[in-house]
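A.B. asks:
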Amino acid sequence: MVIDRPATRTPRALVVLLGAAAVVVAIAGIKAVAWLAAPTLLALVIVITLSPAHGRLRRFGFPRWAATTALVVFVYGILIAFCFAMIVSIAQLAELLPRYGDRITDLYEEIAGVLAKFGAGPGQLRDIFHALDPGKLVSYAGSLLADLTGVTTSLVFLLGLLLFLSAETADIDDRIAGIAGERARTAEALRDFGRRVRVYLAVTTVFGLIVAAIDLLALVLLGVPLAALWGLLSFVTNYIPTIGFLLGLGPPAALALLDGGWRAMVAVVVIYLVINFVLQSLIQPRYVGNAVGLSATATFVALVFWAWVLGPLGTLLSVPATLLALAALVDDPGRSWVTALVGSPGGIRTG
Numbered sequence: 538m539v540i541d542r543p544a545t546r547t548p549r550a551l552v553v554l555l556g557a558a559a560v561v562v563a564i565a566g567i568k569a570v571a572w573l574a575a576p577t578l579l580a581l582v583i584v585i586t587l588s589p590a591h592g593r594l595r596r597f598g599f600p601r602w603a604a605t606t607a608l609v610v611f612v613y614g615i616l617i618a619f620c621f622a623m624i625v626s627i628a629q630l631a632e633l634l635p636r637y638g639d640r641i642t643d644l645y646e647e648i649a650g651v652l653a654k655f656g657a658g659p660g661q662l663r664d665i666f667h668a669l670d671p672g673k674l675v676s677y678a679g680s681l682l683a684d685l686t687g688v689t690t691s692l693v694f695l696l697g698l699l700l701f702l703s704a705e706t707a708d709i710d711d712r713i714a715g716i717a718g719e720r721a722r723t724a725e726a727l728r729d730f731g732r733r734v735r736v737y738l739a740v741t742t743v744f745g746l747i748v749a750a751i752d753l754l755a756l757v758l759l760g761v762p763l764a765a766l767w768g769l770l771s772f773v774t775n776y777i778p779t780i781g782f783l784l785g786l787g788p789p790a791a792l793a794l795l796d797g798g799w800r801a802m803v804a805v806v807v808i809y810l811v812i813n814f815v816l817q818s819l820i821q822p823r824y825v826g827n828a829v830g831l832s833a834t835a836t837f838v839a840l841v842f843w844a845w846v847l848g849p850l851g852t853l854l855s856v857p858a859t860l861l862a863l864a865a866l867v868d869d870p871g872r873s874w875v876t877a878l879v880g881s882p883g884g885i886r887t888g
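Residue numbers (my numbering): 538 to 888.
(1) Quick check: what's the CA-CA separation for residue 850 versus residue 844?
(2) Going by DSSP in three states, residue 849 sits in which element: helix, strand or coil?
(3) Identify, in the order they occur along the chain, each residue of the same chain with its Cβ nearer than 7 Å to the Cβ of residue 751, setting aside the five sequence neighbours on each side.
(4) Can you look up residue 719 in the DSSP assignment and give me helix, strand or coil?
(5) Return the residue from the list 765, 563, 760 that minimises the CA-CA distance to residue 797.
(6) Pair every Cβ in the region 754 to 774 with every Cβ in the region 782 to 800, then say whether three or more of these pairs are closer than 8 Å.
(7) Just how far apart, CA to CA, sit residue 593 and residue 601?
(8) Using three-state DSSP, classify residue 626 as helix, strand or coil.
(9) Which one of 814, 802, 611 has the shortest CA to CA distance from residue 583?
(10) Spatial neighbours of residue 802 within its chain, please: C-beta separation below 6 Å, excluding the five flanking residues on both sides.
(11) What's the gap between the Cα of residue 637 and the Cα of residue 841?
(12) Along the alpha helix (DSSP H) that carries residue 807, what are the first and last residues, could you check?
(13) What is the DSSP secondary structure of residue 854, reduced to helix, strand or coil?
(14) My assumption, with CB atoms under 8 Å, is that residue 726 sits in contact with residue 864. Please give the rounded CB distance.
(15) If you draw a straight line from the alpha carbon of residue 848 to that of residue 734, how long is it in whole angstroms?
(16) Determine the contact status of residue 595 and residue 607, defining contact as a CB-CB distance below 8 Å.
(17) Specify the secondary structure class of residue 551 as computed by DSSP and reduced to three states.
(18) From residue 820 to residue 549, what distance separates their C-alpha atoms?
(19) Since residue 815 is in the alpha helix (DSSP H), which residue starts that stretch and which ends it?
(20) My assumption, with CB atoms under 8 Å, is that residue 574 sits in contact with residue 567. Please give the rounded CB distance.
(21) DSSP three-state label for residue 840, please.
(22) Out of 622, 559, 615, 587, point me to the one whose CA is closest to residue 769's CA.
(23) My guess is that residue 837 and residue 809 are in contact by the Cβ rule of under 8 Å, so how many angstroms apart are they, rounded?
(24) How is the alpha helix (DSSP H) around residue 582 delimited, first residue to last?
(25) Compute the beta-carbon to beta-carbon distance between residue 766 and residue 774, rounded to the nearest angstrom, for a pair I have assumed lies under 8 Å.
(26) For residue 831, name the three-state secondary structure that DSSP assigns.
(27) How many Å lie between residue 754 and residue 747 at the Cα?
(28) By Cβ distance, which residues of its chain are closer than 7 Å to residue 590, with the 5 residues on each side in sequence left out?
(29) Residue 644 to residue 635, Cα distance in whole Å?
(30) How about residue 866 and residue 776: are their beta carbons less than 8 Å apart?
(31) Please state the DSSP three-state secondary structure of residue 637.
(32) Return yes when the Cβ of residue 744 is within less than 8 Å of the Cβ of residue 630, no when it is not.
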């Protein structure tokens, strides 16, 4: 006589513990290969964004190879031009900073007089002057230039990856359709991921161009040196959610102080606070949140998390990386609460 034993259920606490351990291991693995994961995700985002253009070129009668080549050349041109502009601008900055040695000394004496009234000692004042030493500033600029030059290896890897991914663009719809039969939710989640990434980049790029143009015009009118560099920096930092304008504010404000004094610096700060803060931190997140289905809080947390995991590129890829993670969770109805928790009202669907 065979006695059927009742099936034992795994304790929920153990399931949660194992799941948390798996997540920690996965995150540690991604962080360990961030040098590979970040450029790969960037290449994937670029290809997904341009995939509709590939289809349009095909409908206009372009052969597949010609459409792919046109998109690859277009992306290559933008990336190379951007890197060249950054390297030239940083080199100009390194050449410009030594001219402000006397101005930095005057600022030190002025600041020292103010701080002395509040009880700052000579040792503290020397530390401040050491931090403002023109030689150190030039060294920082030179180090930044060396870092940008060292990015060449990563850029070559990214360009090669873009070439291979672009060649696969034409088949992506067929591949997603191939899995729709067995995993309809996964296929729909992948399509939705592509759509949301394209909308996010479109909205962010439009706002970035508006903000960069206004900042550039204001800096030119104020006579701030290297206004084009700071306009480009403002455009790039627009892809960093919530705090991007702060990262783009520091360098032009500091240079305005050295070149035009306190009034020029205050003018730059006020302009950035009014324009960049209102557009980038108040208006843009609402459009981005509605477009991609992420709340402002979730977007900020994602920024901090992906910057820690993927490094500097993680700040630019925080929203696409989060959307990809959510797309992976959508296929499991038991995890749909995650998308509901981090989504904005009317954003991500929970099934």
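Ideal Cβ positions, reconstructed from N, Cα and C, are used throughout, including at glycine.
C.D. replies: Based on what the coordinates show:
(1) 7 Å
(2) Helix at residue 849.
(3) 812
(4) Note: residue 719 maps to coil in three-state DSSP.
(5) Out of 765, 563, 760, 760 has the C-alpha closest to the C-alpha of residue 797.
(6) yes
(7) 11 Å
(8) helix
(9) 611
(10) 790, 793, 794
(11) 35 Å
(12) Taken as a continuous stretch (DSSP letters only), the alpha helix (DSSP H) holding residue 807 covers 799 to 808.
(13) It is coil, neither helix nor strand.
(14) 4 Å
(15) 20 Å
(16) no
(17) helix
(18) 42 Å
(19) No alpha helix (DSSP H) contains residue 815, which DSSP labels as neither H nor E.
(20) 5 Å
(21) helix
(22) Nearest option by C-alpha distance: 622.
(23) Wrong, their Cβ atoms sit about 19 Å apart, outside the cutoff.
(24) First-last of the alpha helix (DSSP H) with residue 582: 571 to 596.
(25) Actually they are not in contact, since the Cβ atoms of residue 766 and residue 774 sit about 12 Å apart, beyond 8 Å.
(26) coil
(27) If I take the Cα positions, the gap works out to 11 Å.
(28) Taken in chain order, the residues that qualify are 608.
(29) Here the alpha carbon of residue 644 sits roughly 15 Å from the alpha carbon of residue 635.
(30) no
(31) Reduced to three states, the DSSP call for residue 637 is helix.
(32) no
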